[in-house]
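>
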Amino acid sequence: MSDLTYIPVLAQLNDDFFGNREGAADRCPGNNGLCPGWIADNFSDYLHPFWEHVLLSIVPLAIGFVIATSLALFAHRYRVAQPFFLAFVGALFTIPSIAFYLILLNITGRGFGTAVVVLTAYTQVLIYRNVMTGLQEVPAETVDVANGMGLSQRQILFRVELPMALPTIFAGLRIAASSTVGIAGFAFFAGAGGLGGEIFSDPAFKGNVVTASLLMILLATALELIVLLVQRLCTPWERAVAT
Amino acid sequence: MPTETKAQDGAPTIGSDAAPLEFREVVKHYPGAERPAVNKLSLEVPAGEICVLVGPSGCGKTTAMRMVNRMIDISDGDILIGGKSVRDRRPSELRREIGYVIQQIGLFPHKTIGENIATVPHLLGWNKQRTNERVEELLELIGLPGDFRDRYPSQLSGGQRQRVGVARALAADPPLMLMDEPFGAIDPINRERLQNEFLRLQAELRKTIVFVTHDIDEAIKMGDRIAILKEGGILAQYATPAELLMYPASPFVEDFVGSDRALKRLALQRVRDIDLWTAPLVRIGEPVSEVKAKLSEADLEIPLVVDDQGRPKGWLSERGLQGERVREDFRSPAEPIVELDDILRDALSDLLSADSQYGPVVDADGRVAGVLSIEALSHALSVPAEHLPSATELAISTAEHDAADGAEEFA
Amino acid sequence: MTTIFAALGPFGDAIDFIFQQRESQAGTVQVGGLGEIWELTWMHLKLSLAATAIATAVALPIGVWLGHIGRYQFLAISTSNIGRAVPALGLVVFFIAFLGVGFGNVCLALVLLAIPPIITNAYVGIRGVDRETVDAAKGNGLTGMQIAGRVELPLALPTIMAGIRIALVSVIATATIAPLANVDTLGRPIVSPNVYGTAGQLAACIVVALVTFAADAAMAALQRAVTPRGIKIQASQSRSRGRRFVSPKRSIQST
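If you're matching them up, the sequences are chains A, B and C in order.
Reminder that position 127 of the first sequence reads as 144 in our numbering, one-by-one numbering, no gaps.
Reminder that position 153 of the second sequence reads as 165 in our numbering, one-by-one numbering, no gaps.
Reminder that position 183 of the third sequence reads as 315 in our numbering, one-by-one numbering, no gaps.
1. Below 9 angstroms on C-beta distance, what does Val226 (chain A) contact in chain C?
2. Find the nearest neighbour of Ser212 (chain C) within the set A:Leu64, A:Ser195, A:Ala98, judged by alpha-carbon distance.
3. Only counting runs of 4 or more residues, tell me where the alpha helix (DSSP H) segments fall wholly within the region 201-281 of chain C, in order along the chain.
4. Going straight from the alpha carbon of Val196 (chain C) to that of Val133 (chain A), what length do you get?
5. Identify the continuous beta strand (DSSP E) that holds Glu37 (chain B) and give its terminal residues.
6. How would you write the range of the alpha helix (DSSP H) that Asn51 (chain B) sits in, first residue to last?
7. List, in chain order, every chain A residue whose beta-carbon is nearer than 8 angstroms to that of Arg107 (chain B).
8. Fully enclosed by the region 104-133 of chain B, which beta strand (DSSP E) runs are 3 residues long or longer?
9. To which residues of the same chain is Ala31 (chain B) closer than 7 angstroms at the C-beta, ignoring the five residues directly before and after it?
10. In whole angstroms, what is the alpha-carbon distance linking Met79 (chain B) and Ala254 (chain C)?
11. Which residue wins for smallest C-alpha separation from Ala307 (chain C), given the options C:Ile338, C:Ser156, C:Leu179, C:Glu284?
12. Less than 8 angstroms between the CB atoms is what I'm expecting for Ile314 (chain B) and Ala279 (chain B), so what's the real figure, rounded?
13. Whose CA, out of A:Gly213, A:Ser87, A:Thr197, lies closest to the CA of Leu152 (chain A)?
14. Whole angstroms are fine: how far does the CA of Leu300 (chain C) sit from the CA of Asp348 (chain C)?
15. Report the rounded CA-to-CA distance for Lys140 (chain B) versus Leu206 (chain B), giving the unit in angstroms.
16. Just to confirm the assignment: which complete beta strand (DSSP E) runs, minimum length 3, are found wholly within the region 315-354 of chain B?
17. How would you list, in chain order, the residues of chain A whose beta-carbon sits under 8 angstroms from the beta-carbon of Pro142 (chain C)?
18. Rounding to the nearest angstrom, what Cα-Cα distance links Asp29 (chain B) and Gly70 (chain B) in this structure?
19. Hey, could you find the ends of the beta strand (DSSP E) Gly202 (chain A) is sitting in?
20. Just to confirm my understanding: we take Ala310 (chain C), look at its own chain, exclude 5 residues before and 5 after, and list those with CB closer than 7 angstroms. What are they?
21. For the region 107-131 of chain B, enumerate the residues whose C-beta is nearer than 7 angstroms to any C-beta of chain A, in chain order.
22. Go to Arg180 (chain B), then tell me how far its alpha helix (DSSP H) extends in each direction, as first and last residue.
23. Return the chain-ordered list of same chain residues with a C-beta closer than 6 angstroms to the C-beta of Met191 (chain B), the five sequence neighbours on each side being excluded.
24. Under 8 angstroms Cβ-Cβ, which residues of chain C neighbour Pro180 (chain A)?
25. Short of 7 angstroms in beta carbon distance, which residues of its chain neighbour Gly196 (chain B), apart from the five on each side in sequence? Order them along the chain.
26. Is the separation between the beta-carbon of Ile144 (chain A) and that of Gly81 (chain A) shorter than 8 angstroms?
27. As an exercise, report each continuous alpha helix (DSSP H) stretch of at least 4 residues that is fully enclosed by the region 127-180 of chain A, in chain order.
28. So, using beta-carbon positions, are Leu328 (chain B) and Val317 (chain B) closer together than 8 angstroms?
29. For His287 (chain C), count neighbouring Cβ atoms within 10 angstroms of its own Cβ and tell me buried if that reaches 16, exposed if not.
30. What does Asp348 (chain C) touch in chain A if you count any residue whose Cβ is under 7 angstroms from its own?
31. Under 8 angstroms between the Cβ atoms of Leu236 (chain A) and Ser74 (chain A)?
32. Given that Val247 (chain A) touches chain B, what residues does it touch there, using C-beta distances under 9 angstroms?
33. With a cut-off of 8 angstroms on the beta carbons, I'd call Ala381 (chain B) and Leu352 (chain B) a contact; round off their distance for me.
34. Under 7 angstroms, CB to CB, which of the residues in the region 184-214 of chain A have a partner in chain C?
35. Is Gly222 (chain C) near Ile216 (chain A), with beta carbons less than 8 angstroms apart?
36. Anything in chain A within Cβ reach of Met83 (chain B), meaning under 9 angstroms, just list it in chain order.
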């Protein structure tokens, strides 16, 4: 595993980004670097990055949800905007995350804020598309009868269309949740830390890689389950047994 | 408020809120279209009556209906509800006072049945108690148990959902109702039940209703007045069902109503309305000599055996008359047995499917009241009826009979 | 020229890096310039296309077959769920740590990354084919394989292409950290700013973003090309028909 160009690069990388840390050889020589003992001892080192990662996931989700939903409601009303918005959010998603972090960092500086901007941008396409689809899938006759009964445009949107679109919207939010956790893995490129930073600080050491990765998987799954739970709570009619 | 009038109280009154409707030279012209979709439509619907708009597809019937609540803008002319133009009000306000029922029903899947029904009262700002009472009242009216109010539409059958759709339209007690092929999406068996139930409801509530359908049979059954529209939104005839059947105004109307106009009249009469035949009623053990006397007086010279209560048992054969007393020997069973209150069309259908020329007619207690024969039926057809009842009148008379008999309202 | 670049600040410097060779930070070698950029891009593309192609070859038949038989839906859904939860960074580094460096290992990691979207979209695409169409095909005597190949696959192709497109974009983005496995993609300047300088880092970012957009556009064109004409016509019809109800403020065209 020790290629001549490899370790010096990483050593340099360490110095550039994170400062010096112990080498893999010092810890856990047996079992090729993967010992539960080490993990147990040093677990607390991961807590701070973990919470950083949690914040890096939740904040963009919340902000992104508000922005994407607003865009979708606007496009739902003014249909001309639809192709433009779709292209825009799609383009945001296509930018590779590392590139996005580094480019933006030159404009908005290093740190949490830059990472949040990038991560929020990535949530857009998933949430926007699902809100749009959810609204469009409301049957035309249901909207027709709501109109015929005297509900105003706004009342139809908030009392009929949005509630009926909730399942699809939540599905988009769920996917955005785990997707954000994954992309936040690269947030350290913007100087925002997180579990990705832990991995990158010592990618050769298996114990480190496994611990940090498992924590990310755990976070992604937990967030998805929370969204699922909220979805179940908000949509009692989906649970009703159909005759 | 008409809510206190129910069938049990006696004669129903016209819904005090029901308003008359008038189309005044109404035109709908779509830009770029050659001909108008609705062309100078003028008709008046008296308060409390069902006006059916019927015609081939493309005749503008749905367009005309949707102009009443301004779902479609009026190009020219005016529509007046209770004398006031529909253009005077803001559309959403107008619509809250008009009941609206569509073919696909359109219940809100994310709201309970109770919440669905309470939609317009909620919009109008009714307080909770009044709304709850109204929901309960309506559930009873449409024949659904009270615990349905907390169920979701997905848990109901198609027929139940359509009933809820009607209840939802009635919730705020509107003076006018618009119904666009409301029973079109239901299977034929349940459709007939729903039609009958709706007519019973109308007998109580007497709303002004505009009812759109493409089915002339449904129009004749449901309508107090029928407006037949031609393609291009032109009124071909506006008349009561009886007038339509007996005096069609043009070849188009004749064609649309169908060459079986005479048979369609049968849908408007009951067995009790025509002159029934008589047949000699005999009991087992009766002296044959007495029977022979009755035979010559009756229309049908075949003895009908009845039991002690007068209920029919079967038609007596010749062998049964051989000897001193009547013996139990049937040439054919009593079936098909027809009731006095049966619609003539259904009674004829029963006779024909049993391959029988005649059948005993019984009253509500099962006692023989006469004999219905195909001959008597065709005789009734040839005589022009002075006054054939409308659907609502039929429904009212049934309701009265039901009330008198204490019969169950809904199956 | 240089003044314009100077005005653009770090971006100007980065663009300059793309076109002109310069000394590395340590002054030992020459870095930058179109030659090196092209080499890095080529390696990046090789790795990404290889991984995506292999993933397609593996995942597509499985997804199509699962969709065709319509069972084991749980498997398809779970694959996509698990695939979403596993972070790209963790996956690649995990493979490097456990299997070692080299093109093969990192390619393997990328293949695993690319599989979930392809399987999911293949499954959903096939399932989405109108059941009546499939019935008609069966009634006409086509065998299962024939139906899958001649009826379901062409109709599902747009959705499948969308899945491959998503996979390709993800792979290109993640191939940026391949230098950790000694595979010098465009990520090399990004992970080694000590050698390439911040200008080099930024330059590589710009190039990789452009490459991603180009690949996405190419896939989009491919997706359009494989959409059966009938579906395109159908889609444009439903767009122009618009919605069939009226708001209180507007009038409608209704049929």
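Just so it is clear, CB atoms sit at the ideal spot from N, CA and C, and this is done for glycine as well.
According to the structure shown:
1. Ordered by position in chain C, the residues that pass the 9 angstroms Cβ test against Val226 (chain A) are Gly222, Val225, Phe226, Ile228, Ala229, Phe230.
2. The candidate whose alpha carbon is nearest that of Ser212 (chain C) is A:Ser195.
3. Counting only runs that start and end inside the region 201-281 of chain C, the alpha helix (DSSP H) elements of at least 4 residues fall at 205-217, 220-231, 235-259, 263-271.
4. Going from the Cα of Val196 (chain C) to the Cα of Val133 (chain A) covers about 38 angstroms.
5. Taken as a continuous stretch (DSSP letters only), the beta strand (DSSP E) holding Glu37 (chain B) covers 33-40.
6. From DSSP, Asn51 (chain B) is part of no alpha helix (DSSP H) but of the beta strand (DSSP E) over 50-57.
7. Simply Asn164, Gly165, Met166, Gly167.
8. Whole beta strand (DSSP E) segments, 3+ residues: 110-114.
9. If we look at Ala31 (chain B) and ignore the five residues flanking it on each side, its Cβ neighbours are Ala59, Ile93, Gly94, Pro187, Leu188, Thr220.
10. If you draw a straight line from the Cα of Met79 (chain B) to the Cα of Ala254 (chain C), it comes to about 47 angstroms.
11. Between Ala307 (chain C) and the set C:Ile338, C:Ser156, C:Leu179, C:Glu284, the nearest pair of CA atoms involves C:Leu179.
12. That pair is no contact at about 29 angstroms.
13. Taking only the C-alpha atoms, the option nearest Leu152 (chain A) is A:Ser87.
14. If I take the Cα positions, the gap works out to 8 angstroms.
15. In this structure, the CA atom of Lys140 (chain B) is about 30 angstroms from the CA atom of Leu206 (chain B).
16. Runs of the beta strand (DSSP E) spanning 3 or more residues and lying entirely within the region 315-354 of chain B occur at 316-318, 324-328, 342-345, in chain order.
17. At a C-beta separation below 8 angstroms, Pro142 (chain C) has these neighbours in chain A: Asn123.
18. Rounded to the nearest angstrom, the two C-alpha atoms are 33 angstroms apart.
19. That residue, Gly202 (chain A), is in no beta strand (DSSP E); it is neither H nor E in DSSP.
20. The beta carbon of Ala310 (chain C) sits closer than 7 angstroms to those of Leu179, Val238, Thr317, Gly319, all from its chain and outside the five residues before and after it, given in chain order.
21. Those residues of the region 107-131 of chain B that come within reach of chain A (Cβ to Cβ, closer than 7 angstroms) are Arg107, Arg108, Tyr112, Ile114, Gln116, Gly118, Phe120, Pro121, His122, Thr131.
22. Unbroken alpha helix (DSSP H) run through Arg180 (chain B): 170-182.
23. Here the set comprises Val113, Phe223.
24. Under the 8 angstroms cutoff, chain C gives no residues; its nearest Cβ is about 18 angstroms from Pro180 (chain A).
25. Within the same chain, Gly196 (chain B) has close Cβ partners Gln115.
26. At a Cβ-Cβ threshold of 8 angstroms, Ile144 (chain A) and Gly81 (chain A) count as neighbours.
27. DSSP runs (the alpha helix (DSSP H)) wholly in the region 127-180 of chain A: 129-153, 157-165, 170-173.
28. In this structure, Val317 (chain B) lies closer than 8 angstroms to Leu328 (chain B) by Cβ.
29. A small correction: the amino acid at residue 287 (chain C) is Leu; His does not occupy that position in the sequence shown. With 16 or more other Cβ atoms within 10 Å, it is buried.
30. Neighbours of Asp348 (chain C) on chain A, chain order: Thr111.
31. Yes.
32. In chain order: nothing, as chain B lies at least about 16 angstroms away.
33. That belief holds up - the Cβ atoms of Ala381 (chain B) and Leu352 (chain B) are roughly 6 angstroms apart, short of 8 angstroms.
34. Within the region 184-214 of chain A, the residues whose Cβ lies closer than 7 angstroms to some Cβ of chain C are Ile192, Ser195, Ser196, Val198, Gly199, Gly202, Phe203, Gly213, listed in chain order.
35. It is a contact, given that the beta carbons lie within the stated cut-off.
36. Within chain A, the residues near Met83 (chain B) are Asp161, Asn164, Gly165.
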